[in-house]
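Inspection log for the structure reproduced underneath, given as structure tokens.
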Amino acid sequence: MASLARHALSLIILTASLTVAAQDISDPGYMTAIRQEIARLNINAVCDDRASTCVFPTTLGEQGPTLDVTIRLSSATHTVYIYIERFMEIGTPEGPGLELARLLLACNRQMVTSKLEWDESTATIRISVVLNTDSNFDRKAFRSQLLGMLSNARRIRPALVEAMKNNP
Numbered sequence: 015m016a017s018l019a020r021h022a023l024s025l026i027i028l029t030a031s032l033t034v035a036a037q038d039i040s041d042p043g044y045m046t047a048i049r050q051e052i053a054r055l056n057i058n059a060v061c062d063d064r065a066s067t068c069v070f071p072t073t074l075g076e077q078g079p080t081l082d083v084t085i086r087l088s089s090a091t092h093t094v095y096i097y098i099e100r101f102m103e104i105g106t107p108e109g110p111g112l113e114l115a116r117l118l119l120a121c122n123r124q125m126v127t128s129k130l131e132w133d134e135s136t137a138t139i140r141i142s143v144v145l146n147t148d149s150n151f152d153r154k155a156f157r158s159q160l161l162g163m164l165s166n167a168r169r170i171r172p173a174l175v176e177a178m179k180n181n182p
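Numbering (this note's numbering), first residue to last: 15 to 182.
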């Protein structure tokens, strides 16, 4: 009997461990909230709960390009990372020229929470924002950060395109 009880206890502990490990991969409660807030903004996104990711296209300005916005939930870092991967394509692995680099720094200083990131491996600039979820998922902050990043992207992209034409 004691052996059976030990095996049952081991099975319960193993099941609990697997449940905790599964929760580390994604938090379905937060993914549900992210889906609801995206829908609340009338955004038609494709979401993958297993990857804890949602993606939707957005157009930057009337004649701007259509780019993909990615929303990635990470239970490991307790964050929601929202970004446009290929916000600007530099086209050279050397990175942005001096004028463009200075403009990128000036833009980063002007934006409150959004930031521009250089990715050497793809020769692109990403715009992103991070929302912490370590204590909860703040729906209003999520909407504010997402809309703020999109607003920043639309506002600064024309100046960045112009700077690339003049000094890549």
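Where is the CB? At the ideal position from N, CA and C, for every residue including glycine.
Problem - Alpha-carbon spacing of E108 relative to D82, whole angstroms - result: 25 Å
Practice task
Taking 8 Å as the threshold, find out whether the region 70-80 comes into contact with the region 164-181 through three or more Cβ pairs.
Solution key: yes
Practice task
Measure the Cβ-Cβ separation of N58 and F70 and say whether it is below 8 Å.
Solution key: yes
Handout entry: Nearest candidate by alpha-carbon position, reference T127, set E134, R116, M163 and K154
Key = M163
Exercise for the section: Provide the residue span of the alpha helix (DSSP H) that contains P172, from first to last. Expected result: R153 to N180
Exercise for the section: For my contact list, A47 and R153 are in at a C-beta cut-off of 8 Å; report their separation, rounded to the angstrom. Expected result: 6 Å
Practice task
Give the range of the beta strand (DSSP E) segment to which R86 is assigned.
Solution key: T80 to S88
Practice task
Kindly identify the DSSP beta-bridge partner or partners of I126.
Solution key: Correcting the residue type first, residue 126 is Val in the shown sequence and not Ile. In the DSSP output, where bridge partners are listed per residue, V126 has none listed.
Problem - As assigned by DSSP and simplified to three states, the class of E51 - result: helix
Practice task
Answer yes or no: do R86 and T67 have a C-beta to C-beta separation smaller than 8 Å?
Solution key: yes
Handout entry: Completely contained beta strand (DSSP E) runs for the region 103-149, where each covers 3 or more residues
Key = 129-133 and 138-146
Problem - Same chain, Cβ closer than 7 Å to N146, neighbours up to 5 away in sequence not counted - result: H92 and T93
Handout entry: Of the listed residues M125, E99 and A90, nearest to E134 (C-alpha basis)
Key = E99
Practice task
Reducing DSSP to helix, strand and coil, say where T91 ends up.
Solution key: coil
Handout entry: Residues near K129 in its chain [Cβ-Cβ closer than 8 Å; skip 5 each side]
Key = N122, I141, S142 and V143
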